[in-house]
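Numbering (the UniProt record's numbering), first residue to last: 1 to 396.
Where is the CB? At the ideal position from N, CA and C, for every residue including glycine.
A quick note: this is a predicted structure, and the numbers were derived from the prediction, not measured.
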Amino acid sequence: MSSQQIRLATRGSDLALRQAGEVVDTLEDRRHDVELVEVETEGDRVTDALISDLGKTGAFVRALDQEVMEGTVDAAVHSMKDVPTEVPEDLVVAAVPHRENPADVLVTPGGTDLEDLPAGSVVGTASLRRGAQVQAHRPGLDVEPIRGNVGTRVEKLLAPALHREHERRTEAEKEAQSRDAREQRRGDYTADIEAGVENLDTEDGEKRAPDDGDDTASSSEFEQSVTEWFDSLTPLQQSAMERDPDTEYDALVMARVGLERTGLLHHVGIEELSTGTHVPATGQGALCVTARRDSDVVDTLRDALEHVRTRVEVTAERVVLEELGGGCIAPIGVHALVQGDTIRTAVQVFSQDGSEQVGETRELDAEQYATDARELAADLRDRGAADLIEDARTEA
Numbered sequence: 001m002s003s004q005q006i007r008l009a010t011r012g013s014d015l016a017l018r019q020a021g022e023v024v025d026t027l028e029d030r031r032h033d034v035e036l037v038e039v040e041t042e043g044d045r046v047t048d049a050l051i052s053d054l055g056k057t058g059a060f061v062r063a064l065d066q067e068v069m070e071g072t073v074d075a076a077v078h079s080m081k082d083v084p085t086e087v088p089e090d091l092v093v094a095a096v097p098h099r100e101n102p103a104d105v106l107v108t109p110g111g112t113d114l115e116d117l118p119a120g121s122v123v124g125t126a127s128l129r130r131g132a133q134v135q136a137h138r139p140g141l142d143v144e145p146i147r148g149n150v151g152t153r154v155e156k157l158l159a160p161a162l163h164r165e166h167e168r169r170t171e172a173e174k175e176a177q178s179r180d181a182r183e184q185r186r187g188d189y190t191a192d193i194e195a196g197v198e199n200l201d202t203e204d205g206e207k208r209a210p211d212d213g214d215d216t217a218s219s220s221e222f223e224q225s226v227t228e229w230f231d232s233l234t235p236l237q238q239s240a241m242e243r244d245p246d247t248e249y250d251a252l253v254m255a256r257v258g259l260e261r262t263g264l265l266h267h268v269g270i271e272e273l274s275t276g277t278h279v280p281a282t283g284q285g286a287l288c289v290t291a292r293r294d295s296d297v298v299d300t301l302r303d304a305l306e307h308v309r310t311r312v313e314v315t316a317e318r319v320v321l322e323e324l325g326g327g328c329i330a331p332i333g334v335h336a337l338v339q340g341d342t343i344r345t346a347v348q349v350f351s352q353d354g355s356e357q358v359g360e361t362r363e364l365d366a367e368q369y370a371t372d373a374r375e376l377a378a379d380l381r382d383r384g385a386a387d388l389i390e391d392a393r394t395e396a
């Protein structure tokens with residue numbers, strides 16, 4: 001297969017292209033010729049829906065796999081968490097590459113932890129699971145939906161504070177210009193005024209402190225002009241300045257891997273949330289490559305990309321999810337981790353408001369992990385998970 005070009009389908013979003021790029025790099029390192037083909041999906045066209053709603057319909061997956069089944073492309077790259085547990089009969093998950101960190105993170109402009117967020121703080125998320133977990137852990141917080149890709153959501157978080165800072169600097173600059181104009185008319189410029197109000201000496205020789213009661217800043221409060229300040233912002237911050245979000249968010253909960261792959265992780269403050277209390281989504285952090293079951297490319301992809309441990313972990317997670325029957329309808333977290341000859345599997349099923357929860361962490365036998373995973377899911381259903389999922393289906 002090395003002499004034949006592999007046509008690889010991907011979505012055209014920044015995150016999807018970066019993910020597909022990782023796959024392409026690995027294949028090219030193995031001397032395979034790869035062409036990346038961008039395919040628009042329903043999830044890309046619908047911009048006013050929550051990601052959790054789009055996930056219910058396989059909106060990010062279906063169009064790519066259709067191209068594979070029709071033979072237009074050889075394979076498609078997906079985020080594993082977007083792939084329904086029921087894969088079309090003609091398709092196979094040909095390869096599951098090495099998984100990145102599956103944890104969620106709390107994202108804030110300044111690095112505030114979840115425990116330290118004041119009551120009433122607004123936390124944005126596009127995930128039913130993340131929202132329920134936040135409400136279960138901190139019931140005094142206000143969880144609100146947020147739309148858009150990774151970059152858009154971060155920009156919406158940063159925008160309000162940047163707008164306030166811009167307004168503050170603009171008002172200060174206007175006030176300084178007015179004051180300077182008045183002084184110029186009086187012909188009474190002084191060195192102290194040029195240096196700034198805070199540099200004026202009081203009668204007792206001490207520096208005069210700024211007046212905290214004055215909402216407008218003095219000309220010397222900022223060393224930069226408004227234009228210079230804007231030019232000093234990062235491209236992310238400048239882009240955020242163009243946004244006018246309907247909701248002001250104090251924090252977001254997102255997948256760490258999304259921030260890492262888009263290069264935004266170090267532009268915001270984060271707290272990594274424990275996978276024990278905030279169990280990730282099934283397959284979070286992992287990619288997969290689908291291909292036609294009868295295609296010659298299957299062996300090529302598996303040989304170049306497959307990471308056996310990741311395959312076992314995400315398979316255990318997907319078996320649990322399939323047995324539970326919740327899909328993207330209910331807030332469900334499943335995380336499996338291979339530990340020697342066992343697979344430690346944590347499951348959480350919540351009510352949508354996080355007030356009710358059924359969960360368990362169990363060691364599955366690596367020799368029969370699929371059977372054990374089904375038993376775990378069945379036990380949870382009997383203990384109330386089925387009722388929570390049915391309630392979520394009714395509310396959907």
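**Asked** In the structure shown, what three-state DSSP assignment does A119 receive?
**Response** Three-state DSSP puts A119 in coil, outside helix and strand.
**Asked** Which value, in whole angstroms, describes the spacing of the CA atoms of R153 and A181?
**Response** Their backbone Cα atoms lie some 42 Å apart in a straight line.
**Message:** Taking 8 Å as the limit between beta carbons, can you name the residues of its chain near V107, skipping five residues before and five after?
**Reply:** Counting only Cβ-Cβ distances below 8 Å, and skipping sequence neighbours, we find V154, L157, A251, L252, V253, M254, L259, V268, G269 and I270.
**Message:** So, under 8 Å CB-CB, S127 and D142 are touching, yes? Tell me the CB distance rounded to an integer number of Å.
**Reply:** Contact between S127 and D142 is ruled out by a C-beta separation of about 16 Å, above the 8 Å threshold.
**Prompt:** Helix or strand or just coil, what does DSSP make of Q4?
**Reply:** Of the three classes helix, strand and coil, the one that applies to Q4 here is coil, per DSSP.
**Request:** Grab me the residues of V73's own chain with a C-beta within less than 6 Å of its C-beta, minus the 5 sequence neighbours each way, in chain order.
**Result:** Hits under 6 Å: R7, A9, V37 and E67.
**Request:** Classify K174 as buried or exposed, calling it buried when 16 or more other Cβ atoms lie within 10 Å of its own Cβ.
**Result:** Burial check for K174: the Cβ neighbour count within 10 Å stays below 16, so the residue is exposed.
**Request:** Report the partner residues of A75 according to the DSSP bridge assignment.
**Result:** DSSP, once it has assigned bridges, lists L8 and A291 as partnering A75.
**Item:** V289 to Q237 span [Cα, whole Å]
**Value:** Each residue's Cα considered, the two are about 34 Å apart.
**Message:** Please identify the residue among V134, S295 and E313 whose C-alpha is closest to the C-alpha of T277.
**Reply:** Nearest C-alpha to T277: V134.
**Item:** Identity of the residues DSSP links to R344 by a beta bridge
**Value:** R344 is bridged to L337 and E363.
**Message:** Using the three-state DSSP reduction, which class does R153 fall into: helix, strand or coil?
**Reply:** Looking at R153 - three-state DSSP - the assignment turns out to be helix.
**Asked** Per DSSP, T108 forms a beta bridge with which residues?
**Response** G269, per the DSSP bridge assignment.
**Request:** Tell me whether T125 sits in a helix, a strand or coil according to DSSP, three-state version.
**Result:** Strand at T125.
**Request:** Flag this pair as yes or no: are the beta carbons of L388 and E356 separated by less than 8 Å?
**Result:** In contact: L388 and E356 (Cβ atoms closer than 8 Å).
**Prompt:** Are A172 and E221 touching if we call contact CB-CB under 8 Å?
**Reply:** In this structure, A172 lies near E221, with their beta-carbon atoms less than 8 Å apart.
**Run of the beta strand (DSSP E) containing P145, from where it starts to where it stops** = Per DSSP, P145 belongs to the beta strand (DSSP E) from D142 to P145.
**Prompt:** What are the complete beta strand (DSSP E) segments, minimum 3 residues, inside the stretch 226 to 280?
**Reply:** Listed in chain order, the beta strand (DSSP E) elements of length 3 or more contained wholly in the stretch 226 to 280 are 251 to 255 and 269 to 272.
**Prompt:** Which class does residue 398 belong to by DSSP, given the choice of helix, strand or coil?
**Reply:** The requested residue 398 is not part of the displayed model; the chain covers only 1 to 396.
**Asked** Should V308 be labelled buried (16 or more other beta-carbon atoms within 10 Å of its own) or exposed?
**Response** With fewer than 16 other Cβ atoms inside 10 Å of its own Cβ, V308 counts as exposed.
**Message:** With H, G and I counted as helix, E and B as strand and the rest as coil, what does DSSP make of V358?
**Reply:** Assignment of V358 by DSSP, reduced to helix, strand and coil, places it in the strand class.
**Option in H137, R292, P97 and V349 with minimal Cα separation from V23** = By alpha-carbon distance to V23, the top candidate from H137, R292, P97 and V349 is P97.
**Asked** Given T26, which residues of its chain have a CB within under 8 Å of its CB, disregarding the five upstream and five downstream residues?
**Response** Around T26: P97, A304 and L305.
**Request:** Would you tell me roughly how many angstroms separate the C-alpha atoms of R185 and Y249, rounded to the nearest one?
**Result:** One Cα belongs to R185, the other to Y249, and the distance between them is close to 46 Å.
**Asked** In whole angstroms, what separates the C-alpha of D391 from that of R318?
**Response** Taking the straight line from one Cα to the other gives about 21 Å.
**Item:** Residues near R261 by beta carbon distance below 7 Å, same chain, minus five either side
**Value:** Closer than 7 Å at Cβ, skipping near neighbours: L15, R18 and Q19.
**Asked** Just to check, is the beta-carbon of G384 closer than 7 Å to a non-hydrogen atom of the ligand ATP?
**Response** No copy of the ligand ATP appears in this structure; indeed no ligand is present at all.
**Three-way DSSP call (helix, strand, coil) for S103 in this model** = Inspection of the sequence shows that residue 103 is occupied by Ala rather than by Ser. Coil.
**Item:** Cβ-based neighbour list, T275, same chain, cut-off 6 Å, excluding 5 preceding and 5 following
**Value:** Within the same chain, and ignoring the five residues on either side of T275 in sequence, the residues whose Cβ sits closer than 6 Å to its Cβ are A103 and H335.
**Prompt:** Is DSSP giving I389 helix, strand or coil here?
**Reply:** Helix, per DSSP.
**Item:** Beta-carbon gap between L364 and A316 smaller than 8 Å
**Value:** Going by C-beta atoms, L364 is nearer than 8 Å to A316.
**Pair within 8 Å by beta-carbon distance, G340 and Q348** = No. Outside cutoff.
**Item:** Simplified DSSP state of E38, which is helix, strand or coil
**Value:** Looking at E38 - three-state DSSP - the assignment turns out to be strand.
**Asked** Would a C-beta distance cut-off of 8 Å place V226 and R147 closer than the cut-off?
**Response** Taking 8 Å as the Cβ cut-off, V226 and R147 do not qualify as a contacting pair.
**Alpha-carbon to alpha-carbon, T247 and P145** = Taking the straight line joining both Cα atoms gives about 9 Å.
**Asked** When DSSP labels each residue in this structure, what does V61 get in the three-state scheme?
**Response** Three-state result, V61: coil.
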